[in-house]
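A.B. asks: Dropping a structure here in structure tokens format, bear with me for questions.
There are 2 protein chains.
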Amino acid sequence: MDRLQIHIVISEELYTKNPESSELGKKIVSRSIEMIDELGFEAFTFKKLGQSIGSNESSIYRYFESKHMLLVYLICWYWSWIEYKLVFATANIQSKEEKLSAAIEILTRKVDVDNSFSYVNEVILNRIIIAESSKAYHTKDIDTENEKGYYKVYKRVVQRVSNMVKEINGEFDCPQMLVSTVIEGAHQQRYFSEHLPSLTNVQEGKDTIVKFYNNLVFKVIN
Amino acid sequence: MDRLQIHIVISEELYTKNPESSELGKKIVSRSIEMIDELGFEAFTFKKLGQSIGSNESSIYRYFESKHMLLVYLICWYWSWIEYKLVFATANIQSKEEKLSAAIEILTRKVDVDNSFSYVNEVILNRIIIAESSKAYHTKDIDTENEKGYYKVYKRVVQRVSNMVKEINGEFDCPQMLVSTVIEGAHQQRYFSEHLPSLTNVQEGKDTIVKFYNNLVFKVIN
DNA sequence: ATTTTTCAATAGTATTACTATTATATTTGT
DNA sequence: ACAAATATAATAGTAATACTATTGAAAAAT
Numbered sequence: 042m043d044r045l046q047i048h049i050v051i052s053e054e055l056y057t058k059n060p061e062s063s064e065l066g067k068k069i070v071s072r073s074i075e076m077i078d079e080l081g082f083e084a085f086t087f088k089k090l091g092q093s094i095g096s097n098e099s100s101i102y103r104y105f106e107s108k109h110m111l112l113v114y115l116i117c118w119y120w121s122w123i124e125y126k127l128v129f130a131t132a133n134i135q136s137k138e139e140k141l142s143a144a145i146e147i148l149t150r151k152v153d154v155d156n157s158f159s160y161v162n163e164v165i166l167n168r169i170i171i172a173e174s175s176k177a178y179h180t181k182d183i184d185t186e187n188e189k190g191y192y193k194v195y196k197r198v199v200q201r202v203s204n205m206v207k208e209i210n211g212e213f214d215c216p217q218m219l220v221s222t223v224i225e226g227a228h229q230q231r232y233f234s235e236h237l238p239s240l241t242n243v244q245e246g247k248d249t250i251v252k253f254y255n256n257l258v259f260k261v262i263n
Numbered sequence: 042m043d044r045l046q047i048h049i050v051i052s053e054e055l056y057t058k059n060p061e062s063s064e065l066g067k068k069i070v071s072r073s074i075e076m077i078d079e080l081g082f083e084a085f086t087f088k089k090l091g092q093s094i095g096s097n098e099s100s101i102y103r104y105f106e107s108k109h110m111l112l113v114y115l116i117c118w119y120w121s122w123i124e125y126k127l128v129f130a131t132a133n134i135q136s137k138e139e140k141l142s143a144a145i146e147i148l149t150r151k152v153d154v155d156n157s158f159s160y161v162n163e164v165i166l167n168r169i170i171i172a173e174s175s176k177a178y179h180t181k182d183i184d185t186e187n188e189k190g191y192y193k194v195y196k197r198v199v200q201r202v203s204n205m206v207k208e209i210n211g212e213f214d215c216p217q218m219l220v221s222t223v224i225e226g227a228h229q230q231r232y233f234s235e236h237l238p239s240l241t242n243v244q245e246g247k248d249t250i251v252k253f254y255n256n257l258v259f260k261v262i263n
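Top line first, the protein sequences correspond to chains C and E.
Each number in the numbering used here corresponds to the 1-based position in the first sequence with 41 added.
Each number in the numbering used here corresponds to the 1-based position in the second sequence with 41 added.
Below, the structure is given as structure tokens:
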């Protein structure tokens, strides 16, 4: 297992020029998060982003090869941050069950506090992951991009939680399948609850989603 | 509950001109299914489709307002067809458990026989649903489109299976959530198993996905 | 037989994603 | 300190895409 990333270091493959290396780069990242959330990924363009940060379209291409790569960068950032939260929240918990429960909470809850990890607003980024991240990997380039390691961090998060499942029940055959079902399911349910509510049973203020998936996991593995 | 659609009748809102009303229309639908599968939704264009069927780009706009609406049409077609399969496969099953099990099988299995419902290849369409359908509803227009009833059939399928769950356990709080988790999860797992296999535990030829979700449902509702 | 309507092709336009080139800072070497 | 080298970003593009306006021909209705 790779070393945990505290300062959120993003693999060089994901950018042309490191956005952390300049003020403009940070502005690109932080404003793009806001704009993708506002406009949606399709309507978001580098031109609009450039206008909004008082910079030129082509300057943004110095940092990111395409808006697709910018999205991949943001996704990687998000999962690196989640991995950090995950390891932190589950450290020093003795009970295997409590540990897994804490992990599920991290993966399924709505992010509603911006921890102000510098220039990235995690609350908005969480909404982008929910609404837009599937567009990053539902592409014909998925196989080559996966080989390049673009989705390494996400897979590592799944692996970490799968290991917790295995700790509780070593006989259980499909831990990765269960964990990825929970992660993606929780995101989808949050989206549905806002836009296609009849596909869910979310109740106001009760954190139905966290409870549902927590209950689901423990019933399935026992 | 609405009447079951045998001949697969698609709501008029989804097209500009009914593709079933002409040979060109049917060709547009059947060839678009093949091309979206081959190229992916992003690279698929009406121009390429026109060239491929020996017709003009603009002729296709007579039938569908945009490539987005064509995708919505295909999704609606697919779920109408699944609804038909579902009702057919679960009719006359006495045992509530067997009935639900049959439903889960329909929702989670890979479509591998083209039943030749005229000009639509369901095997390829199933692949499109898995790889591309999320792009249809992860849009800023989702709320207005949902109001117009574009996703009615899908929601009805979820409702039908939720009712089967309720039949078995009337106390269970989240049937829609469970059913939509299973449907979307199964699709995602099929995609992952091909492109991001470390997120799954699929074994060759064993239909792991059907068994996993069948087991999951019955453990969760009991 | 003439009008009306349907149909699809041509030839566009506006926008988008991306690039080539040039201008301007900034750093480096001497 | 000052020229050379490098890094940076702005201008001004191009190619391709999504979509539209117009026109001409065929089919249907009167």
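Note that the Cβ used here is the ideal one computed from N, Cα and C, for glycine as well.
(1) Between which two residues does the alpha helix (DSSP H) harbouring C/Tyr56 extend?
(2) State the DSSP-derived secondary structure class of C/Val154, mapped to helix, strand or coil.
(3) Just to make sure I have the definition right: I need the residues of chain E whose C-beta is within less than 8 Å of the C-beta of C/Leu141. Which are they?
(4) To the nearest angstrom, how far is it from the Cα of E/Val206 to the Cα of E/Lys89?
(5) Run down chain E in chain order and give the residues with a C-beta less than 8 Å from the C-beta of C/Lys196.
(6) Could you tell me whether the segment 145 to 155 of chain E touches the segment 83 to 102 of chain E, where touching means 3 or more Cβ pairs closer than 8 Å?
(7) Assuming the contact rule is C-beta atoms closer than 8 Å, C/Ile69 and C/Ile94 should be a hit. Round their C-beta distance to whole Å, please.
(8) Would you mind sorting E/Lys196 into buried or exposed? The rule is 16 or more other CB atoms within 10 Å of its CB.
(9) Leaving out five residues on either side along the sequence, give the residues of the same chain with a beta carbon under 7 Å from the beta carbon of E/Asp155.
(10) For C/Val202, decide whether its Cβ has a neighbour in chain E, counting only Cβ atoms nearer than 8 Å.
(11) Taking the alpha helix (DSSP H) that E/Gln135 belongs to, which residues open and close that run?
(12) When you compare the CB positions of E/Tyr104 and E/Leu166, do they come within less than 8 Å of one another, or not?
(13) Quick one: give me the first and last residue of the alpha helix (DSSP H) that E/Asp184 is part of.
(14) Run through chain C and tell me which residues come within less than 8 Å of E/Glu173, C-beta to C-beta.
(15) Which runs of the alpha helix (DSSP H) at least 4 residues long sit entirely within the segment 57 to 111 of chain C? Give them in chain order.
(16) Does the beta carbon of E/Gly190 sit closer than 8 Å to a beta carbon anywhere in chain C?
(17) Check E/Ile262 in the structure and name its three-state DSSP category.
(18) What is the rounded straight-line gap between the Cα of C/Val223 and the Cα of E/Ser221?
(19) Could you list which residues in chain C have their beta carbon closer than 7 Å to that of E/Phe253, in chain order?
(20) If we ignore side chains and look at the alpha-carbon of each, how far apart do E/Asn97 and C/Asn242 end up?
(21) Going by C-alpha to C-alpha distance, which of E/Ile169, E/Ile49, E/Lys58 and E/Leu141 sits closest to E/Gln200?
(22) Starting from the Cα of C/Val113, find the closest Cα among C/Gln92, C/Ser136, C/Ile77 and C/Ser99 and give me that residue.
(23) In three-state DSSP terms, what is C/Gln230?
(24) Please list, in chain order, the chain C residues whose beta carbon lies closer than 7 Å to that of E/Gln135.
(25) Spell out a yes or no on whether the segment 232 to 247 of chain E and the segment 174 to 188 of chain C are touching, meaning 3 or more CB-CB pairs, one atom from each, closer than 8 Å.
(26) Which same chain residues end up closer than 8 Å to E/Tyr232 when comparing Cβ atoms and leaving out the 5 residues on each side of it in sequence?
(27) Sort C/Met110, C/Lys126 and C/Lys176 by Cα distance to C/Tyr191 and report the nearest one.
(28) Is E/Ile116 helix, strand or coil by DSSP?
(29) With DSSP run on the structure shown, which of helix, strand or coil describes C/Leu219?
(30) Who are the neighbours of E/Asn167 on chain C, taking C-beta pairs under 8 Å?
(31) Thinking C-beta only, is E/Lys189 closer than 8 Å to E/Glu54?
(32) Between C/Phe233 and chain E, is any beta-carbon pair separated by less than 8 Å?
(33) Note down the Cα distance separating E/Ser107 from E/Gly81, rounded to an integer number of angstroms.
(34) Hey, out of E/Glu208, E/Ser100 and E/Ser73, whose CA is closest to E/Gln135's CA?
C.D. replies: On the basis of the coordinates in this document:
(1) From DSSP, C/Tyr56 is part of no alpha helix (DSSP H); its letter is neither H nor E.
(2) coil
(3) Chain E residues near C/Leu141: none, gap ~16 Å exceeds 8 Å.
(4) 45 Å
(5) Leu237, Ser239 and Leu240
(6) no
(7) 7 Å
(8) buried
(9) Asn162, Glu163 and Val164
(10) no
(11) First-last for E/Gln135: undefined, no H or E at that position.
(12) no
(13) Ile183 to Glu188
(14) His179
(15) 64 to 80, 87 to 93 and 98 to 102
(16) no
(17) helix
(18) 12 Å
(19) Cys215 and Met218
(20) 46 Å
(21) E/Leu141
(22) C/Ile77
(23) helix
(24) Residues of chain C passing the Cβ test: none, with the nearest at roughly 26 Å.
(25) yes
(26) Ile171 and Ala172
(27) C/Met110
(28) helix
(29) helix
(30) Going along chain C, no residue has its Cβ under 8 Å from E/Asn167, so there is no contact; the nearest lies around 15 Å.
(31) yes
(32) yes
(33) 16 Å
(34) E/Glu208
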